[in-house]
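S.K.: Numbering (this note's numbering), first residue to last: 10 to 282.
All C-beta atoms in this analysis are idealised placements derived from N, C-alpha and C, irrespective of residue type, glycine included.
Take a look at the following structure, please.
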C-alpha cells in the first residue's frame with residue numbers, strides 16, 4: 010500500500026471539517042534533549058495560526074515528561090500562539106480520573122510532573138501511575154513500582170500513553186510503552202492507558218469542541234496511536250511525514266490514513282484549500 014499526497018479535490022470529506030485535533034510532538038515541533046527546547050517544524054507555527062483563524066482546535070498530546078504548563082511555556086517560546094486551555098495532556102486527565110474512581114496512586118513519573126497529582130490521595134496505593142520518567146526510569150524506581158503491583162491482589166497499572174518511541178532533535182528516544190509492558194509482563198497487572206489511543210481521551214476533545222466526530226480530523230505523526238486511534242473513533246485522520254514518521258509505514262498492515270501530508274502546513278492547506 011503506497012500513500013501519495015492527495016490533491017484537495019481528491020478529499021471529499023474536507024468540506025465537512027469544522028475542527029482539528031493536533032498531536033504536538035512530531036507535528037508542531039521536535040523536542041530537544043536536556044535544556045534544549047527543541048525546534049518548531051517548518052510551517053507549523055503559521056499553520057496553527059491559520060487554524061485558529063477559522064476552525065475549532067485542540068492539541069491532543071501524550072506528553073507526560075512535563076506538566077501542561079511547562080509544555081505550553083515551551084511552545085510559546087518556540088513561537089506558537091496557543092491557548093493553554095486548548096492543550097490536553099494525560100497527567101491532569103489522569104488526576105481527575107483517580108479522584109473520581111477513588112484510586113490512590115504510586116507515582117512513577119518525572120519529578121516535576123508529580124505536581125499534577127497534588128490533589129490525589131497517595132497513602133496505601135491501590136494502583137501505579139506511570140508517565141515518561143526519562144532518566145527516572147532507574148532499576149530502583151521500576152522495582153519499587155513492581156513491588157507495589159506485586160503486593161496487590163488485583164494490580165492495576167495506569168500509563169500516560171503507551172508509545173514505543175518519539176523523535177527528538179538528537180534522534181529517536183524510547184517512550185514509556187516498553188517500560189509499561191515490562192511491568193505488566195512481570196506482575197500480570199491490568200493495564201489502562203490514559204492518552205491516545207483511548208476512546209475517553211478523544212471523547213474529551215470532542216466534548217470540549219462541541220463537535221461530532223464526523224466534522225473533526227486528527228493530524229499526527231504516530232500511525233497507531235494518532236491515526237489508528239482516531240479512526241477507531243470514527244474520526245478522519247491525517248498522517249504527516251514528520252516526527253517519528255518511518256517510510257515503511259507507507260505499507261502498514263492495519264492502518265490506512267485518510268490523507269498523508271508532508272507536514273502540518275501541507276495537511277492544513279490540503280483540507281482548507
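Where does the unbroken alpha helix (DSSP H) through residue 164 begin, and where does it stop?
M.R.: The sequence position of residue 164 within the chain shown is 155, counting from 1. Counting along the chain, residue 164 falls outside any alpha helix (DSSP H), and DSSP gives it neither H nor E.
S.K.: Which runs of the alpha helix (DSSP H) at least 4 residues long sit entirely within the region 108-196? Give them in chain order.
M.R.: List check, alpha helix (DSSP H) in window: 148-159, 186-196.
S.K.: Between residue 238 and residue 205, is the Cβ-Cβ spacing less than 8 Å?
M.R.: Looking up residue 238 in the chain shown gives position 229. Looking up residue 205 in the chain shown gives position 196. Their beta carbons are under 8 Å apart, which means residue 238 touches residue 205 by this criterion.
S.K.: What span of residues does the alpha helix (DSSP H) with residue 274 cover, start to end?
M.R.: For the purposes of this step, residue 274 is taken as residue 265 along the chain shown, with counting starting at 1. First-last of the alpha helix (DSSP H) with residue 274: 273-281.
S.K.: Please say whether residue 119 and residue 142 have beta carbons closer to each other than 8 Å?
M.R.: Against the chain shown, residue 142 aligns to sequence position 133. Against the chain shown, residue 119 aligns to sequence position 110. Cβ distance < 8 Å, so residue 142 and residue 119 count as in contact.
S.K.: Going by C-alpha distance, which of 93, 236, 113, 256 is nearest residue 79?
M.R.: For the purposes of this step, residue 79 is taken as residue 70 along the chain shown, with counting starting at 1. Among 93, 236, 113, 256, the Cα nearest to that of residue 79 belongs to 93.
S.K.: Using a Cβ-Cβ cut-off of 7 Å (strictly less than) and excluding sequence neighbours within five positions of residue 35, which residues of its own chain qualify?
M.R.: By 1-based counting over the chain shown, the position of residue 35 is 26. So the list reads 175, 176, 230, 251, 252, 253, once near-sequence residues are dropped.
S.K.: What does a CB cutoff of less than 7 Å around residue 195 pick up in its chain, not counting 5 residues either side in sequence?
M.R.: If you number the chain shown from 1, residue 195 lands on position 186. The residues are 155.
S.K.: Would you tell me roughly how many angstroms separate the C-alpha atoms of residue 179 and residue 162, rounded to the nearest one?
M.R.: The residue labelled residue 179 in the question sits at position 170 within the chain shown. The residue labelled residue 162 in the question sits at position 153 within the chain shown. The alpha-carbon atoms of residue 179 and residue 162 are separated by roughly 42 Å.
S.K.: Check whether the region 212-227 and the region 256-264 touch, using three or more Cβ-Cβ pairs below 8 Å as the test.
M.R.: Result no; under three Cβ-Cβ pairs closer than 8 Å.
S.K.: Does residue 186 pass the burial test, meaning 16 or more other C-beta atoms within 10 Å, or should it be called exposed?
M.R.: Working through the chain shown from its first residue, we reach residue 186 at position 177. Buried, because 16 or more other Cβ atoms sit within 10 Å of the Cβ of residue 186.
S.K.: Could you give the residue range of the alpha helix (DSSP H) that holds residue 241?
M.R.: Position 232 of the chain shown, counting from 1, holds the residue named residue 241. Run containing residue 241: 238-241, per the alpha helix (DSSP H) assignment.
S.K.: On the three-state DSSP scale, how would you describe residue 260?
M.R.: Residue 260 sits at position 251 when you count from the first residue of the chain shown. Three-state DSSP puts residue 260 in a helix.
S.K.: Let's test the definition: count the other Cβ atoms within 10 Å of the Cβ of residue 148 and tell me whether it reaches 16, buried, or not, exposed.
M.R.: Within the chain shown, residue 148 is the residue found at index 139, counting from 1. Exposed.
S.K.: Taking the continuous beta strand (DSSP E) assigned at residue 284, which residues delimit it?
M.R.: With the chain covering 10 to 282 only, the question about residue 284 has no answer from this structure.
S.K.: Use the C-beta contact count for residue 272: other C-beta atoms within 10 angstroms, 16 or more gives buried, fewer gives exposed.
M.R.: Mapped onto the chain shown, residue 272 falls at position 263. Its Cβ being crowded by 16 or more others within 10 Å, residue 272 is buried.
S.K.: Determine, using beta carbons only, whether residue 232 and residue 242 come nearer to each other than 8 Å.
M.R.: Against the chain shown, residue 232 aligns to sequence position 223. Against the chain shown, residue 242 aligns to sequence position 233. Cβ atoms of residue 232 and residue 242: not closer than 8 Å.
S.K.: Thinking C-beta only, is residue 69 closer than 8 Å to residue 37?
M.R.: Here residue 37 refers to the residue found at position 28 when the chain shown is read from its first residue. Here residue 69 refers to the residue found at position 60 when the chain shown is read from its first residue. Cβ distance not < 8 Å, so residue 37 and residue 69 don't count as in contact.
S.K.: Can the beta-carbon of residue 99 be found closer than 8 Å to that of residue 65?
M.R.: In the chain shown, residue 99 corresponds to position 90, counting from 1. In the chain shown, residue 65 corresponds to position 56, counting from 1. No, the Cβ-Cβ distance between residue 99 and residue 65 is not below 8 Å.
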